[in-house]
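Okay, so here's the structure we're looking at.
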Amino acid sequence: MSNGLVNGSYTPEHCNALFSVAILVAYKNRQSQLDIFLPYIHNFLRKQNIHYRLYVVEQQDNKTFNKGILYNVGAKTAMEDHFPCLILHDVDLLPLDDRNLYACANEPRHMSASIDKFRFMLPYDSLLGGVAALKSEQYVAINGYSNRFLGWGGEDDDFQRRLLPQKLNTIRFPIEMSRYTMLAHPQEHRNVDRFMIMRENLKEGYEKDGLSTLPFVSVRISHHPLFTLVGVQL
Ligand code: BGC
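Going by our numbering, the first residue of the sequence shown is number 101, and it counts up by one from there.
This is the structure in structure tokens:
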């Protein structure tokens, strides 16, 4: 293919890529955003000389969005494909600075610290939502995402809290490199149970809810020029 993309995977032709990265987009019913995100992110990433593959992990049912389950299924798929680094990416965020390298560091990295919607300021220090990069081995060590959060909010805060027991910190690039624009969309329905689930998980232990306890879901993988589609039915 002339643009070098096969099933959403790109390998630079003129050099040996230093980084091999799986980009996971948890997705449901946001076609107009996906249509903007896909060409934008490929044009952005191809300049970075990394080897990457874009996985769109789509919830294909009528149940409430469960981002955690989608990320866990996506992470499993990417690890089966031997990716050592995972980037968890909201579909509504577009990176604005080419220096924001899509790669993993030694510690998990919050990549979207500066978003126009928040007037380019970090809303709170422990935020890890939006776009985050971590090694696959770290994702396994923290037991991935919770499977319990439905709808909007809290699942990324729960994810961030999983780092501490594993002695992992969140790092960030300088704020001017971490700029993103957010595509407009109506506010999703907030999950009123989110604080309760966070408290319960902290108390019960993260080994009880996560990648290792992923419930049975039906998974269908199909290939498209701009992405590998991981279709999930809860
Ligand atoms: C929510 C997070 C969200 C953050 C930024 C928090 O209140 O719990 O899920 O990422 O706000 O919007």
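By construction, the Cβ of each residue, glycine as well, lies at the ideal position given by its N, Cα and C atoms.
At a cut-off of 7 Å, is residue i close to the ligand BGC when judged by its beta-carbon and the heavy atoms of the ligand?
| i | result |
| --- | --- |
| aspartate 135 | no |
| histidine 223 | According to the sequence displayed, residue 223 carries proline and not histidine. Yes, Cβ of proline 223 sits closer than 7 Å to a heavy atom of the ligand BGC. |
| leucine 227 | yes |
| aspartate 256 | yes |
| arginine 294 | yes |
| glycine 253 | yes |
Quick check: what's the CA-CA separation for residue i versus residue j?
| i | j | result |
| --- | --- | --- |
| tyrosine 202 | leucine 118 | 11 Å |
| leucine 105 | aspartate 181 | 17 Å |
| methionine 101 | alanine 122 | No answer about methionine 101 holds up, because its pLDDT of 45 lies below 50 and its placement is not dependable. |
| serine 278 | isoleucine 187 | 14 Å |
| glutamate 288 | lysine 267 | 33 Å |
| glycine 253 | histidine 114 | 42 Å |
| glutamine 148 | proline 315 | 36 Å |
| isoleucine 215 | glycine 168 | 22 Å |
| glutamine 156 | phenylalanine 259 | As written in the sequence, residue 156 is valine, which differs from the glutamine given in the question. The alpha-carbon atoms of valine 156 and phenylalanine 259 are separated by roughly 20 Å. |
| asparagine 243 | leucine 234 | 13 Å |
| serine 120 | glycine 305 | 32 Å |
| phenylalanine 220 | alanine 213 | 8 Å |
| glutamate 255 | lysine 308 | 15 Å |
| phenylalanine 249 | glycine 174 | 17 Å |
| aspartate 198 | tyrosine 280 | 11 Å |
| alanine 232 | proline 208 | 7 Å |
| phenylalanine 137 | glutamate 158 | 15 Å |
Identify the residues that DSSP records as bridge partners of residue i: which are they?
| i | result |
| --- | --- |
| leucine 124 | Tyr155, Leu188 |
| valine 319 | Val332 |
| proline 139 | DSSP output for proline 139 lists no bridge partner at all. |
| phenylalanine 249 | Note: phenylalanine 249 sits in no beta bridge, so no partner. |
| leucine 193 | Met282 |
| serine 132 | DSSP, once it has assigned bridges, lists no residue as partnering serine 132. |
| tyrosine 110 | Leu105, Tyr152 |
| phenylalanine 327 | His324 |
| isoleucine 271 | Arg209 |
Minimum length 3: unbroken beta strand (DSSP E) runs contained in the stretch 288-315:
Runs found: none.
Could you name each continuous beta strand (DSSP E) segment of 3 residues or more that falls completely within the stretch 193-266, going from the start of the chain to the end?
193-195, 231-235
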